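*Asks:* Counting from 7, one number per residue, gives the positions in the sequence shown under our numbering. Using N, Cα and C, we set each Cβ at its ideal position, and we do this for glycine too. Owing to the predicted nature of the structure, the values given are computational and were not obtained by experimental measurement. Got a structure for you, questions after.
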Amino acid sequence: MELDLLVIGSGPGGQRAAIQAAKLGRHVAVAERRDRLGGVSIHTGTIPSKTLRQAVLEQAATRPLDVLDPTRIEETERIAIQQLMDRAAAVVAAETAITREQFRRNRVGLLPGDAVFEDDHTVRVGDEQVRAGRIVIAVGTRPARPSSVAFDDRTIIDSDGLLKLESRVPRTMTVVGAGVIGVEYASMFGLLGTKVTVVDQRDRVLPWLDGEIGEAFQYLLRRNNVTFRLREKVEAVEAVDGRGAKLRLNSGKEILSETVLYATGRQGDTEQLGLASTGLECDKRGRLKVDDQYRTTVPHIFAVGDVAGPPGLASTAMEQGRIAALRAFEQPVEELPELIPVGVYAIPELAMVGRTEEDLTDAAVPYVCGIARWSELARGVITGDRDGMLKLLVSLEDRSVLGVHVLGTGATDLVHVGQAVMASGAGGLDFLVTAVFNYPTFAESYKVAALDAANRIRAIS
Ligand SMILES: Cc1cc2nc3c(=O)[nH]c(=O)nc-3n(C[C@H](O)[C@H](O)[C@H](O)COP(=O)(O)OP(=O)(O)OC[C@H]3O[C@@H](n4cnc5c(N)ncnc54)[C@H](O)[C@@H]3O)c2cc1C
Numbered sequence: 007m008e009l010d011l012l013v014i015g016s017g018p019g020g021q022r023a024a025i026q027a028a029k030l031g032r033h034v035a036v037a038e039r040r041d042r043l044g045g046v047s048i049h050t051g052t053i054p055s056k057t058l059r060q061a062v063l064e065q066a067a068t069r070p071l072d073v074l075d076p077t078r079i080e081e082t083e084r085i086a087i088q089q090l091m092d093r094a095a096a097v098v099a100a101e102t103a104i105t106r107e108q109f110r111r112n113r114v115g116l117l118p119g120d121a122v123f124e125d126d127h128t129v130r131v132g133d134e135q136v137r138a139g140r141i142v143i144a145v146g147t148r149p150a151r152p153s154s155v156a157f158d159d160r161t162i163i164d165s166d167g168l169l170k171l172e173s174r175v176p177r178t179m180t181v182v183g184a185g186v187i188g189v190e191y192a193s194m195f196g197l198l199g200t201k202v203t204v205v206d207q208r209d210r211v212l213p214w215l216d217g218e219i220g221e222a223f224q225y226l227l228r229r230n231n232v233t234f235r236l237r238e239k240v241e242a243v244e245a246v247d248g249r250g251a252k253l254r255l256n257s258g259k260e261i262l263s264e265t266v267l268y269a270t271g272r273q274g275d276t277e278q279l280g281l282a283s284t285g286l287e288c289d290k291r292g293r294l295k296v297d298d299q300y301r302t303t304v305p306h307i308f309a310v311g312d313v314a315g316p317p318g319l320a321s322t323a324m325e326q327g328r329i330a331a332l333r334a335f336e337q338p339v340e341e342l343p344e345l346i347p348v349g350v351y352a353i354p355e356l357a358m359v360g361r362t363e364e365d366l367t368d369a370a371v372p373y374v375c376g377i378a379r380w381s382e383l384a385r386g387v388i389t390g391d392r393d394g395m396l397k398l399l400v401s402l403e404d405r406s407v408l409g410v411h412v413l414g415t416g417a418t419d420l421v422h423v424g425q426a427v428m429a430s431g432a433g434g435l436d437f438l439v440t441a442v443f444n445y446p447t448f449a450e451s452y453k454v455a456a457l458d459a460a461n462r463i464r465a466i467s
């Protein structure tokens, strides 16, 4: 088979690369080794985890009524976890169907099977030998499994195994790794009533967060059944018959819990790809080096998404795929923007764009901070979320917005208002001060925070 472009992997990066190339009128196919399209994003990552979060929030709101009958607790617990997993499965199925339809509509060919390079233009996919002028590698990642840990997919699990829990919501859980995936799941199970312990060798949860927001977030998680064991390393973990698994930390502490969830990073899925036949090499985490056009060291082979390294988000993988396809066919295209919002779908939700107070202080950039608290917003009172807050960091030099940090309901949507204002540059603060926002909304927090910042600037000057 001869193609203009072969894309390896049908996750968000591969999808966008293939569809963009097809829209340019190119002959394109996607190789996918799973029996379903959509990659980690649809099957084990973004979509099921965000659906579980939504289902957990809804279940938590009704739980007190469910568990009143003491003779039915076991059954209720089994039904509760089953409902969560069924909900995730239904959304996964719907998203898979949407992806398949998008490929069909755009005339993107599908090649089921493992793609293995034979040379830098030739790839074997199952029984098919494919020759392609250009190739996009979008094979993504899988959870990193330390070799010393005996994963059994029941007691000691990773984020893939978590989606297979079926007997009940564990009463106790230890999460190893306080990164985004670790804290998202810790907060969901905490809300379901699980006593969760999060272990991490760093001294802060998500250390790249603005310090004040990070502290508030950690406090809210603690209030919600989550205990932190920070500056601690796991020395050993072993299953304990019928009771779960025991972790020994290098401080000598031991933690016994029904379930241990490892969330200690991910590994590029490149071992089986036959990269040696192309001359390409990966780093020790299985990732490929690319330039700002997502070109590898072999000019007609591109790599996008998680296999090309940070930030490791579905949102950026999609855009990288689109950019790579346009570059591959010499079409004009901008680079990935510098301003990329980050969302953490924990409970509570978090989002940020731009710089933190710590960054600005280290770089000696003068700024003021304006804050709005959900407890002072009519929408916060109506919704019952009084813990949230929005922080604007504003330049003292030109009144531009340098950073936006949101904690609480709606954070991952709200952050985009700040992103747009930041992109407008100097005077962003004045736009927010004079703008009229719908009332009552959480978006109104921008105006409240902007007025706070403007008052502080006035006071200083
Ligand atoms: C629990 C969890 C939650 C997440 N939440 C979010 C979130 O809220 N927001 C967000 O933006 N991101 C989130 N992410 C990250 C997001 O899922 C990834 O960034 C995204 O899936 C990466 O897309 P990708 O295109 O690089 O590849 P992937 O989605 O990893 O897909 C790669 C595909 O390539 C296929 N493949 C691999 N090797 C071969 C081969 N040799 N031949 C054929 N096919 C092959 C795989 O089967 C897979 O289908 C989350 C991830 C996890 C694990």
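(1) With a cut-off of 8 angstroms, do at least 3 Cβ pairs link the region 152–171 to the region 324–334?
(2) Check this for me: beta carbons of T178 and T147, under 9 angstroms apart or not?
(3) Determine the direct distance from the alpha carbon of L356 to that of V412, and round the result to whole angstroms.
(4) In the structure shown, what three-state DSSP assignment does K453 receive?
(5) Classify S173 as helix, strand or coil using the three-state DSSP reduction.
(6) If you reduce the DSSP assignment to three classes, tell me which class S401 lands in.
(7) Can you tell me where the beta strand (DSSP E) holding P149 begins and where it ends?
(8) Taking 8 angstroms as the limit between beta carbons, can you name the residues of its chain near A459, skipping five residues before and five after?
(9) Classify E101 as buried or exposed, calling it buried when 16 or more other Cβ atoms lie within 10 Å of its own Cβ.
(10) Confirm, please, whether the CB-CB distance from L198 to T105 is below 9 angstroms.
(11) Report the residue from G19, I25, A66 and G31 whose alpha carbon sits nearest the alpha carbon of S47.
(12) For ligand 1, is there any heavy atom lying closer than 8 angstroms to the beta carbon of A429?
(13) Going along the chain, which unbroken runs of the alpha helix (DSSP H) with 4 or more residues stay wholly within the region 32–98?
(14) Expressed to the nearest angstrom, what Euclidean distance is found between the alpha-carbon atoms of D216 and R254?
(15) For the region 131–144 and the region 297–316, state whether three or more C-beta atom pairs, one from each stretch, are separated by less than 8 angstroms.
(16) Under a three-way DSSP split, which group does P18 fall into?
(17) In terms of residue numbering, what span does the alpha helix (DSSP H) encompassing F123 cover?
(18) Given G315, which residues of its chain have a CB within under 7 angstroms of its CB, disregarding the five upstream and five downstream residues?
(19) Could you check whether the Cβ of Q278 sits closer than 8 angstroms to any heavy atom belonging to ligand 1?
(20) Is the CB-CB distance between A86 and P54 below 9 angstroms?
(21) Quick check: the region 180–191 against the region 365–372, are there 3 or more CB pairs under 8 angstroms?
(22) Are there any heavy atoms of ligand 1 lying less than 8 angstroms away from the beta-carbon of K56, as far as the coordinates show?
(23) How big is the Cα-Cα spacing for V155 and L267?
(24) Of the residues A330, S321 and E340, which one's Cα is nearest the Cα of G349?
(25) Can you tell me the Cα-Cα spacing of D166 and D247, whole angstroms?
(26) Does the beta-carbon of L319, which I'm using as the reference point, lie nearer than 8 angstroms to any heavy atom of ligand 1?
(27) Residues bridged to I162 by DSSP?
*Replies:* Judging by the given coordinates:
(1) no
(2) no
(3) 6 angstroms
(4) helix
(5) coil
(6) strand
(7) T147 to P149
(8) V374, C375, G376, L398, V400 and L435
(9) buried
(10) no
(11) G19
(12) no
(13) 45–49 and 52–72
(14) 31 angstroms
(15) yes
(16) helix
(17) No alpha helix (DSSP H) holds F123; the beta strand (DSSP E) holding it covers A121 to D125.
(18) R293
(19) yes
(20) no
(21) no
(22) yes
(23) 11 angstroms
(24) S321
(25) 23 angstroms
(26) yes
(27) V266
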